[in-house]
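Protein chains in written order, with the numbering used here: chain A, 104 to 306; chain B, 399 to 660.
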């Protein structure tokens with residue numbers, strides 16, 4: 104009885120989700136994602152180009168990243184199949200280090216982003232996420248094509264990947280980690296130690 | 399006449415022998431499907447050999463090309479460098495045009511042709527990039543992409559001495575590009591060959607100077623720079639090919655009813 108009810112219920116849910124006509128909802132999520140990136144781009148530009156000391160700017164930028172990027176999801180993706188084999192403590196250590204390194208790598212070179220502007224293009228759905236196209240202009244550099252992957256799963260939109268000139272940041276990071284792991288007996292602890300060393304070197 | 403000594407072939411032989419001794423990558427056991435999937439996705443069965451060449455190239459880059467590129471950015475003013483880049487880009491426009499045609503991408507071929515005509519004349523030999531502002535933007539086009547669009551498989555990842563990341567398809571494309579370049583066949587004699595080598599050297603320095611920040615960042619931040627460069631190269635090539643494939647702008651004249659875009 105119960106199983107049948109569950110079956111019926113899940114069928115209804117699947118129909119509702121996959122269901123053919125409710126495209127207004129989808130269009131809405133596209134608009135929402137595009138507006139979200141538009142706003143994030145403005146926030147970043149304002150933080151980078153605004154007044155204040157470099158330390159202040161770094162703090163503002165960190166707050167923006169924390170608010171707009173699903174860092175834990177990105178971190179899990181980068182560890183790939185090794186996430187499952189890592190112990191709870193290792194998972195925690197890894198997430199902490201990943202978060203710290205991401206901040207260092209993004210905010211460390213804040214001077215490079217001076218004068219940056221982001222022009223948001225069209226949004227398209229792709230495999231459960233929304234891809235928002237944009238053109239990033241930096242003075243003295245040719246404009247570069249950057250796609251933002253936005254997940255709206257949790258209700259509020261979050262960035263899960265950046266694709267700069269066709270290269271996905273998280274995919275590149277994952278291949279870096281997996282190559283390192285392959286050369287270190289697939290030991291997650293070795294990766295954590297290496298990340299630790301990197302974090303202490305850079306900060 | 400003194401017979402010139404030939405250190406280069408010797409060096410190449412030593413490097414190739416070392417690489418062959420290093421051999422092929424070990425395929426992971428079949429009972430580990432995740433590892434097998436990763437191995438296949440990485441597409442680098444010659445990894446040990448490739449890593450040897452990566453080390454060789456990295457060494458050459460550290461002592462020769464990178465210092466040259468740094469000196470170039472220090473000594474030569476920004477404006478001159480950007481004009482030099484324009485000239486080099488204009489010189490490679492015929493190859494771009496041929497490849498656009500071979501790829502059956504008419505609008506891209508039109509862009510290349512107009513870029514060549516406008517920039518060579520009004521742009522004074524390519525010094526100024528007038529065409530971009532006039533609606534003929536630059537795009538990437540080479541024989542590696544052409545072969546890909548003809549359906550030739552990529553083959554395993556290769557890291558070639560001097561040339562860097564590649565694949566059998568891209569290496570073939572590289573040779574074809576040189577063969578289809580009119581400048582390869584125009585003129586003869588010492589002056590022409592000196593000019594030709596100047597162009598290649600300048601291209602190398604110009605390209606390397608454009609990558610200074612990125613490569614330094616990769617080497618500073620990546621745990622395994624080789625793997626990072628491999629991934630970036632494969633993704634970037636894939637996206638260049640996608641871009642060319644999906645560039646199906648209509649060739650309908652402006653005064654005719656335009657087909658609707660999806």
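For every residue, glycine included, the Cβ atom is placed at its ideal position computed from N, Cα and C.
Closest Cα partner of residue i within the set the options
i: residue 495(B); options: 509(B), 522(B), 471(B) and 485(B); result: 509(B)
i: residue 650(B); options: 505(B), 555(B) and 481(B); result: 505(B)
i: residue 519(B); options: 497(B), 485(B), 427(B) and 596(B); result: 485(B)
i: residue 542(B); options: 558(B), 501(B), 473(B) and 507(B); result: 501(B)
i: residue 571(B); options: 560(B), 550(B) and 478(B); result: 550(B)
i: residue 272(A); options: 131(A), 162(A), 140(A) and 174(A); result: 174(A)
i: residue 131(A); options: 277(A), 263(A), 201(A) and 228(A); result: 228(A)
i: residue 482(B); options: 599(B), 531(B), 440(B) and 435(B); result: 599(B)
i: residue 645(B); options: 521(B), 631(B) and 539(B); result: 539(B)
i: residue 182(A); options: 277(A), 151(A) and 270(A); result: 277(A)
i: residue 531(B); options: 516(B), 523(B), 544(B) and 522(B); result: 516(B)
i: residue 242(A); options: 217(A), 251(A) and 258(A); result: 217(A)
i: residue 456(B); options: 637(B), 640(B) and 613(B); result: 613(B)
i: residue 139(A); options: 287(A), 286(A) and 258(A); result: 258(A)
i: residue 212(A); options: 561(B), 490(B), 548(B) and 619(B); result: 619(B)
i: residue 565(B); options: 528(B), 523(B) and 632(B); result: 632(B)
i: residue 527(B); options: 476(B), 552(B), 480(B) and 561(B); result: 480(B)
i: residue 194(A); options: 295(A), 155(A) and 210(A); result: 295(A)
i: residue 446(B); options: 625(B), 529(B), 522(B) and 582(B); result: 625(B)
i: residue 202(A); options: 192(A), 191(A) and 169(A); result: 169(A)
i: residue 578(B); options: 648(B), 430(B), 544(B) and 521(B); result: 544(B)
i: residue 648(B); options: 477(B), 507(B) and 591(B); result: 507(B)
Rounded Cβ spacing between residue i and residue j (contact assumed at less than 8 Å)
i: residue 253(A); j: residue 235(A); result: 6 Å
i: residue 558(B); j: residue 569(B); result: 6 Å
i: residue 458(B); j: residue 556(B); result: Not really, about 17 Å apart at Cβ, beyond 8 Å.
i: residue 623(B); j: residue 615(B); result: Not confirmed; about 10 Å, so no contact.
i: residue 151(A); j: residue 160(A); result: 6 Å
Residue i vs residue j beta-carbon contact at 8 Å
i: residue 237(A); j: residue 219(A); result: no
i: residue 442(B); j: residue 628(B); result: yes
i: residue 662(B); j: residue 642(B); result: With chain B running from 399 to 660 in the structure shown, residue 662(B) is simply not present.
i: residue 275(A); j: residue 136(A); result: no
i: residue 133(A); j: residue 233(A); result: yes
i: residue 563(B); j: residue 492(B); result: no
i: residue 463(B); j: residue 602(B); result: yes
i: residue 180(A); j: residue 289(A); result: no
i: residue 279(A); j: residue 621(B); result: yes
i: residue 497(B); j: residue 514(B); result: no
i: residue 226(A); j: residue 197(A); result: no
i: residue 204(A); j: residue 298(A); result: yes
i: residue 143(A); j: residue 630(B); result: no
i: residue 148(A); j: residue 221(A); result: yes
i: residue 267(A); j: residue 247(A); result: yes
Burial state of residue i (16 or more Cβ within 10 Å)
i: residue 124(A); result: With a pLDDT of 45 at residue 124(A), under the threshold of 50, the modelled position of this residue cannot be trusted, and the question is left open.
i: residue 534(B); result: buried
i: residue 230(A); result: exposed
i: residue 188(A); result: exposed
i: residue 244(A); result: exposed
i: residue 215(A); result: exposed
i: residue 303(A); result: exposed
i: residue 249(A); result: buried
i: residue 593(B); result: exposed
i: residue 472(B); result: exposed
i: residue 171(A); result: buried
i: residue 575(B); result: buried
i: residue 291(A); result: buried
i: residue 425(B); result: exposed
i: residue 524(B); result: buried
i: residue 153(A); result: exposed
i: residue 393(B); result: For chain B, the structure presents residues 399 to 660; residue 393(B) sits outside this window and is missing.
i: residue 460(B); result: exposed
i: residue 156(A); result: exposed
i: residue 561(B); result: exposed
i: residue 301(A); result: buried
i: residue 638(B); result: buried
Near the ligand ATP: residue i beta-carbon under 7 Å from a heavy atom
i: residue 576(B); result: This structure lacks the ligand ATP; in fact it carries no ligand of any kind.
Quick check: the region 443-458 of chain B against the region 574-590 of chain B, are at least 3 beta-carbon pairs closer than 8 Å? The region 574-590 of chain B vs the region 443-458 of chain B: no contact.
If contact is defined by three or more beta carbon pairs under 8 Å, each pair taking one atom from either stretch, is the region 150-165 of chain A in contact with the region 261-271 of chain A? The answer is no - the region 150-165 of chain A does not touch the region 261-271 of chain A, with fewer than three Cβ pairs under 8 Å.
How about the region 606-625 of chain B and the region 456-472 of chain B: do they share at least three Cβ pairs that are nearer than 8 Å? Contact between the region 606-625 of chain B and the region 456-472 of chain B is present, because at least three Cβ pairs lie under 8 Å.
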